[in-house]
Amino acid sequence: MRLEQLYYLTEVAKTKSISLTAEQIYVSQPSISEAIHKLEKELGVTLLTRSTQGVCLTEDGEEVVKKSREILKLVEDLKLGFKACEPKTPTLRGNLRISSSPVICAGILQKVLITFSRNYPDVNITVKEKLPEKVILDVNTGKADLGLIVIPDGFSTSCEWAEIYFERLFYDKLVIGAGKSSPLSKRKSISLKQLLKYPVAIHQGEDINENWHVKLLKKYGEPKKILKLENPKLFYKVIIEGIAIGFFSKSFLKNFYLLEDIISIPISNTIQLSYGWVRSNTHPFLATAQEFVKVLKSSY
16 MRLEQLYYLT EVAKTKSISL TAEQIYVSQP SISEAIHKLE KELGVTLLTR
66 STQGVCLTED GEEVVKKSRE ILKLVEDLKL GFKACEPKTP TLRGNLRISS
116 SPVICAGILQ KVLITFSRNY PDVNITVKEK LPEKVILDVN TGKADLGLIV
166 IPDGFSTSCE WAEIYFERLF YDKLVIGAGK SSPLSKRKSI SLKQLLKYPV
216 AIHQGEDINE NWHVKLLKKY GEPKKILKLE NPKLFYKVII EGIAIGFFSK
266 SFLKNFYLLE DIISIPISNT IQLSYGWVRS NTHPFLATAQ EFVKVLKSSY
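Residue numbering for the sequence shown follows the numbering used here, starting at 16 and increasing by one per position.
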């Protein structure tokens with residue numbers, strides 16, 4: 016039994032809707048459903064009854080929610096008790112400039128920014144979406160205090176790598192995202208060469224020729240059609256509607272609640288991705304950036 020299972024159940028009890036709960040707490044519907052199902056299996060009882068109108072608690076569910084709230088309250092009180100004993104530290108002030116890959120901006124950065132902003136309300140934050148190469152350039156030239164990037168195996172840039180410190184947070188895999196009406200939606204996997212036959216959507220506001228997804232495809236030939244889209248909602252929409260396919264990281268597609276209508280298709284040419292952060296070896300590592308990295312690392 017995990018605290019997150021109890022938390023999900025209490026939130027669903029409030030909204031009487033798994034989909035609405037997913038939207039409010041930024042967790043995918045399948046993750047919430049699976050967590051509650053495992054809790055039901057572990058306790059040996061049915062907690063929810065499901066219908067087209069939503070979900071309702073069973074009698075057992077009402078009792079478990081009551082106990083869950085008591086447990087979650089005790090945990091919160093315990094945390095607050097320890098925080099009260101911590102020595103007071105000066106309030107962090109200043110500026111923090113972050114350059115980040117778009118996929119990080121749309122995913123993990125949101126939760127980290129919320130936590131950091133609550134902890135350090137006096138820090139002014141600027142976030143700009145850039146290609147990995149541009150993120151590294153910003154960090155090297157002092158235009159950004161910190162960079163967040165997602166890079167594939169074999170990714171290389173100029174000698175600028177020698178001027179930065181890179182720390183990997185975790186590995187992931189590159190997958191294809193397709194709408195349910197796409198001809199690829201039933202595929203178990205697909206190769207990069209086979210992808211050349213289909214329109215590809217790219218979420219990118221800069222020079223399309225620099226996008227590493229495009230470079231990757233062009234190793235196998237000329238793509239049939241590329242849709243360059245700066246607006247993320249439009250990017251997701253054309254994929255959901257089956258107009259084009261797109262590249263995603265496996266974890267992002269699995270966990271981002273807004274993309275449940277996009278099907279994840281493995282790429283047979285396995286492409287491993289590294290999520291990480293970078294800083295300059297020649298520019299000062301600001302206190303604001305150091306504290307942000309601590310929050311980032313504690314989140315994963």
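Just so it is clear, CB atoms sit at the ideal spot from N, CA and C, and this is done for glycine as well.
DSSP beta-bridge partners of residue i
{"i": "lysine 240", "result": "Pro214"}
{"i": "glutamate 182", "result": "Trp292"}
{"i": "alanine 193", "result": "Ile278"}
{"i": "glutamate 144", "result": "Ser115"}
{"i": "serine 264", "result": "Leu189"}
{"i": "arginine 65", "result": "Val70"}
{"i": "isoleucine 205", "result": "Ile282"}
{"i": "valine 138", "result": "Gly109"}
Proximity below 8 Å, CB of residue i to CB of residue j
{"i": "leucine 111", "j": "aspartate 160", "result": "yes"}
{"i": "valine 190", "j": "isoleucine 282", "result": "yes"}
{"i": "leucine 207", "j": "leucine 231", "result": "yes"}
{"i": "isoleucine 254", "j": "glycine 162", "result": "no"}
{"i": "serine 295", "j": "glycine 157", "result": "yes"}
{"i": "valine 150", "j": "isoleucine 140", "result": "no"}
{"i": "isoleucine 280", "j": "isoleucine 217", "result": "no"}
{"i": "serine 200", "j": "isoleucine 278", "result": "yes"}
{"i": "leucine 87", "j": "leucine 18", "result": "yes"}
Alpha helix (DSSP H) segment containing residue i, residue limits
{"i": "alanine 121", "result": "117-121"}
{"i": "isoleucine 33", "result": "33-40"}
{"i": "glutamate 306", "result": "302-313"}
{"i": "isoleucine 254", "result": "247-255"}
{"i": "histidine 228", "result": "227-233"}
Coil, strand or helix - residue i by DSSP
{"i": "tyrosine 290", "result": "strand"}
{"i": "valine 60", "result": "coil"}
{"i": "isoleucine 30", "result": "According to the sequence shown, residue 30 is threonine rather than isoleucine. Of the three classes helix, strand and coil, the one that applies to threonine 30 here is helix, per DSSP."}
{"i": "proline 198", "result": "coil"}
{"i": "proline 167", "result": "strand"}
{"i": "lysine 158", "result": "coil"}
{"i": "leucine 72", "result": "strand"}
{"i": "arginine 133", "result": "helix"}
{"i": "lysine 188", "result": "strand"}
{"i": "isoleucine 51", "result": "helix"}
{"i": "valine 43", "result": "According to the sequence displayed, residue 43 carries serine and not valine. Coil, per DSSP."}
{"i": "arginine 84", "result": "helix"}
{"i": "isoleucine 151", "result": "helix"}
Cβ contact (3+ pairs, closer than 8 Å) linking the region 78-85 and the region 119-134: no
For the region 283-297 and the region 178-190, state whether three or more C-beta atom pairs, one from each stretch, are separated by less than 8 Å. yes
Closer than 8 Å is the cut-off here; do at least three beta carbon pairs connect the region 113-123 with the region 58-70? no
The region 133-149 contacting the region 299-311, beta-carbon criterion three pairs below 8 Å: yes
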